[in-house]
Amino acid sequence: MSRLKDTFYLPVDRICMHEFVLSDKGLSGGVTTNDIGKRVLDFGFHSPTVYFPLLIHGAMMIEPTETETLSSLDHFVDTMKKIKRECDENPGIVLGAPHNTPVKRVDTVLAAKNPVLVWGDDRG
């Protein structure tokens with residue numbers, strides 16, 4: 102948390118258990134929280150919980166597990182800083198993410214309106 106608060110807006114700056122929330126406030130290039138979440142996938146990390154808690158605009162909840170190594174946490178911090186640099190210098194990279202996943206961006210509006218709630222050959 103302390104290593105990212107100079108890179109991303111930290112709306113609640115206090116000691117917490119294991120999670121903390123960053124905000125998309127101040128991101129450049131039209132990049133949103135959703136874009137950051139998608140870009141993180143390109144580096145092999147799970148996307149943060151986005152837009153929660155609802156009372157923080159553009160929230161990104163970062164929740165590393167207690168078993169993460171210091172090396173893994175350092176790599177995540179470096180990745181987030183790199184993504185922020187991309188937002189400033191070449192936002193198209195972030196806006197087009199993910200680039201390295203088998204499925205690119207899903208149409209979330211279509212998925213919400215017409216959910217497919219079965220798996221396999223039962224799709225009818």
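Each number in the working numbering corresponds to the 1-based position in the sequence shown with 101 added.
Cβ atoms here follow ideal geometry from the backbone N, Cα and C, with glycine treated the same way.
| query | result |
| --- | --- |
| Own chain residues within Cβ distance below 7 Å of F146, not counting five before or after | F177 and T180 |
| Identified DSSP bridge partners for Y110 | S124 |
| Secondary structure of M162, DSSP reduced to three states | strand |
| One or two residues paired with V151 in a DSSP bridge | M161 |
| Environment of D202 [buried if 16+ CB atoms lie within 10 Å] | Just to set this straight, residue 202 is Thr in the shown sequence, not Asp. Result: exposed. |
| Inter-stretch contact (C-beta, 8 Å, three-pair minimum) for the stretch 208-219 and the stretch 146-155 | no |
| Own chain, CB closer than 7 Å to G197, minus 5 neighbours either side, in chain order | none |
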